[in-house]
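**Q** Take a look at this one; I'll ask things after.
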Amino acid sequence: MTDPQQKKLKLAFIGLGVMGYPMAGHLARAGHDVTVYNRTQAKAEKWVKEYGARAAPTPSAAAQGAQIVFSCVGNDRDLRQVTLGPDGAFAGTKRGAIYADHSTVSANVSRELEQAACAGGFSYLDAPVSGGQAGAEKGILTIMVGGDAQAFATAQPVMAHYGRAVTLMGPPGCGQLTKMVNQITVVGLVQALAEGLNFAMRAGLDAKKVIEVISKGAAQSWQLENRGPTMVDDQYNFGFAVDWMRKDLQICLDEARRNGALLPVTAIVEQWYGKLQEKGCGRLDSSSLMKLLTEK
Ligand code: NAP
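Going by this note's numbering, the first residue of the sequence shown is number 16, and it counts up by one from there.
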C-alpha cells in the first residue's frame with residue numbers, strides 16, 4: 016500500500032469554502048498532486064493561482080484517478096449533489112480509492128453514502144471537523160472519523176496536513192455522531208456565557224475583568240477566553256455562522272429523536288438561533304446569541 020507520508024499522492028478536493036479552501040491548500044503545499052472543484056468557478060481559479068495546481072469543471076472530473084477524494088460542502092442536500100448528482104464525484108471515483116467527507120451532515124446520509132461507495136468498490140469516511148476557519152488556516156483542526164479502519168489508516172496521515180487530532184471513532188456515521196456531541200456541548204456553553212456576561216454588564220461590573228478572573232477558575236473554557244471578549248465588544252462578523260450552527264443543531268435534534276437522548280437546552284438554543292435568522296443575523300458568528308439578551 017502507498018505510504019502517503021513518503022509519496023506524492025493524486026488527490027481531489029471538492030468545495031473551496033471558508034474551510035475547504037485552506038484545507039486543500041495544505042495538501043498542495045505538502046507536495047501532493049491536487050485537483051480541485053468548486054461550484055463557483057472564480058474561487059477555484061483564485062485557488063489555482065495561489066497554489067499552482069489545477070481545477071476541474073465537475074466533481075466527477077476532479078475525482079478521476081484520485082487516490083483520495085475529499086469534500087467540504089454545506090448540508091445533506093449539497094453533499095448528495097456533489098457525490099450522487101449529475102457529474103457527481105462518485106461517478107469519477109476509482110475502485111480501491113477513498114472518499115473522505117469533511118462537511119457536517121447527518122449520520123444517516125453518511126451511512127447511505129458509505130453503502131453507495133461500497134457498491135462502487137471504494138471506501139467512504141465521514142470526517143467532520145472542529146476548529147473553525149482559524150483551525151483550517153493554521154492546519155490544526157480536530158477531525159472525527161467514522162468508517163473502515165484500513166481506509167482510515169491510509170487517509171489519516173494525509174488529513175494530518177490540516178488536522179492536529181485525527182481520530183477514528185467507529186463505524187460509518189460515528190464521525191458525525193461525535194461532531195453532534197461537540198455542537199451540543201458548545202451551544203449550551205455559549206448560551207450560558209451570553210447570560211453570564213449580560214448579567215455582569217447589567218450589574219455594572221467590568222465584563223472583561225470578570226472574564227480575566229473567572230477564566231482562572233472553574234468557569235474556564237475556550238469559548239470564555241476566545242469569544243467572551245468579542246461578545247462584550249458586540250463583534251460577530253467572523254467565525255462559525257448562525258446558519259451553520261442551526262443546521263447542525265437540527266441534525267442533533269433529529270438524531271436525538273431516534274436515540275431517545277433528551278436535549279432540552281439544545282432545543283431552546285436552536286430556537287434562539289432561529290430568532291437570530293429572523294433578524295437577518297444568519298451569517299453572524301454563533302456567539303451572537305448575546306444580541307438577543309443585550310438588544311431591546
Ligand atoms: P462555506 O464557506 O459556505 O462553503 C461551502 C462550500 O460548499 C463552497 O465551496 C460552496 O460552493 C460549496 N457548496 C455548497 N453547496 C453546494 C452544492 N450544492 N454543490 C456544489 N458545491 C456546493 O462553508 P464552510 O464554512 O466552508 O463550511 C463547510 C462545511 O464545514 C459545513 O458543513 C460546515 O457546517 C462545516 N464546518 C464549518 C466550520 C466553520 O467555522 N466555517 C467549522 C466546522 C465545520 P460555492 O463557492 O459555489 O458556494
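For glycine and all other residues, C-beta sits at the position ideal for the given N, C-alpha and C.
(1) Is the region 280–293 touching the region 181–189 in the sense that three or more CB pairs, one from each, lie closer than 8 Å?
(2) Taking 7 Å as the limit between beta carbons, can you name the residues of its chain near glutamine 79, skipping five residues before and five after?
(3) So does serine 118 have its beta carbon nearer than 6 Å to some heavy atom of the ligand NAP?
(4) Compute the Euclidean distance between the alpha carbons of proline 19 and glutamate 60, then round it to the nearest angstrom.
(5) Of the residues Lys25, Asn53 and Arg217, which one's Cα is nearest the Cα of alanine 45?
(6) Is it a yes or a no for the region 51–67 touching the region 226–235, going by three-plus beta-carbon pairs under 8 Å?
(7) At what residues does the alpha helix (DSSP H) containing serine 236 begin and finish?
(8) Between which two residues does the alpha helix (DSSP H) carrying aspartate 163 extend?
(9) Does the separation of the CB atoms of histidine 41 and glycine 154 fall below 7 Å?
(10) Suppose the cutoff is 6 Å on Cβ atoms and the five residues either side in sequence are ignored; what does the same chain contact list for alanine 180 look like?
(11) Let me know the alpha helix (DSSP H) ranges lying completely inside the region 43–100, each 4 residues or longer, listed in chain order.
(12) Report the rounded CA-to-CA distance for glutamate 127 versus cysteine 87, giving the unit in angstroms.
(13) Does DSSP put isoleucine 155 in a helix, a strand or coil?
(14) For the alpha helix (DSSP H) holding aspartate 116, just list the boundary residues, first then last.
(15) Which term fits threonine 50, buried or exposed, when burial requires 16 or more other beta carbons within 10 angstroms of its beta carbon?
(16) So alanine 125 is in the beta strand (DSSP E); what residue range does that whole segment cover?
(17) Exposed or buried, glutamine 198, counting other C-beta atoms within 10 Å across all chains shown (16 or more means buried)?
(18) Locate the alpha helix (DSSP H) running through lysine 262, then write down its first and last residues.
(19) Under 8 Å: do the region 32–41 and the region 139–153 share three or more Cβ pairs, one atom per stretch?
(20) Using CA atoms only, rank isn't needed, just tell me which of Thr119, Lys231 and Phe105 is closest to glutamine 130.
(21) Can you say whether arginine 242 is buried or exposed, counting buried as having 16 or more other CB atoms within 10 angstroms of its CB?
(22) For methionine 16 and cysteine 296, what's the separation of their Cα atoms in angstroms?
(23) When DSSP labels each residue in this structure, what does lysine 25 get in the three-state scheme?
(24) Which residues share a DSSP beta bridge with phenylalanine 300?
**A** In brief:
(1) no
(2) For the purposes of this step, residue 79 is taken as the residue at position 64 of the sequence shown. Around glutamine 79: Gly107.
(3) Your numbering for residue 118 matches position 103 in the sequence shown. Correct: serine 118 has its Cβ closer than 6 Å to the ligand NAP.
(4) Stepping through the sequence shown from its first residue, residue 19 is reached at position 4. Stepping through the sequence shown from its first residue, residue 60 is reached at position 45. Note that proline 19 scores 46 on pLDDT, short of 50, meaning its location in the model is unreliable; the coordinates nonetheless yield the value given after this. Proline 19 and glutamate 60: Cα-Cα distance of roughly 27 Å.
(5) Along the sequence shown, one-based indexing puts residue 45 at 30. Considering only alpha carbons, the answer is Lys25.
(6) no
(7) Within the sequence shown, the letter at position 221 stands for residue 236. Here serine 236 belongs to no alpha helix (DSSP H), and DSSP marks it neither H nor E.
(8) Walking along the sequence shown from the start, residue 163 turns up at place 148. Note, aspartate 163: premise wrong, no alpha helix (DSSP H); not H, not E.
(9) For this step, residue 41 is matched to residue 26 along the sequence shown. For this step, residue 154 is matched to residue 139 along the sequence shown. Against a cut-off of 7 Å, the Cβ pair of glycine 154 and histidine 41 comes out as a contact.
(10) As a position in the sequence shown, residue 180 is number 165, starting the count at 1. So the qualifying residues of the chain are Thr157.
(11) 56–66, 74–78 and 91–99
(12) The residue you call residue 127 lines up with position 112 of the sequence shown. The residue you call residue 87 lines up with position 72 of the sequence shown. Glutamate 127 and cysteine 87: Cα-Cα distance of roughly 17 Å.
(13) Start at 1 with the first residue of the sequence shown, and residue 155 comes out as number 140. Residue state, collapsed to three classes: coil.
(14) The residue labelled residue 116 in the question sits at position 101 within the sequence shown. No alpha helix (DSSP H) holds aspartate 116; the beta strand (DSSP E) holding it covers 113–116.
(15) To locate residue 50, count along the sequence shown from 1; it is residue 35. The residue is buried, with at least 16 neighbouring Cβ atoms inside 10 Å.
(16) As a first step, residue 125 is located in the sequence shown; it is residue number 110 there, counting from the start. Inspection of the sequence shows that residue 125 is occupied by serine rather than by alanine. Element bounds for serine 125: not the beta strand (DSSP E) but the alpha helix (DSSP H), 122–134.
(17) The residue given as residue 198 occupies position 183 in the sequence shown. Looking at its Cβ environment, which holds 16 or more other Cβ atoms inside 10 Å, glutamine 198 is buried.
(18) Translated into positions along the sequence shown, residue 262 becomes position 247. First-last of the alpha helix (DSSP H) with lysine 262: 257–274.
(19) yes
(20) In the sequence shown, counting from the first residue as 1, residue 130 sits at position 115. Closest option to glutamine 130, Cα to Cα, is Phe105.
(21) Taking the sequence shown and counting its residues from 1, one reaches residue 242 at position 227. So arginine 242 counts as buried.
(22) For the purposes of this step, residue 16 is taken as residue 1 along the sequence shown, with counting starting at 1. For the purposes of this step, residue 296 is taken as residue 281 along the sequence shown, with counting starting at 1. Low per-residue confidence applies at methionine 16: pLDDT is 37, beneath 50, and the placement is therefore not dependable enough to give any value.
(23) For the purposes of this step, residue 25 is taken as residue 10 along the sequence shown, with counting starting at 1. It is a strand residue.
(24) Residue numbering aside, residue 300 sits at position 285 when the sequence shown is read from its first letter. The sequence shown places aspartate at residue 300, not phenylalanine. According to DSSP, which records beta bridges pairwise, aspartate 300 is partnered with Ala256.
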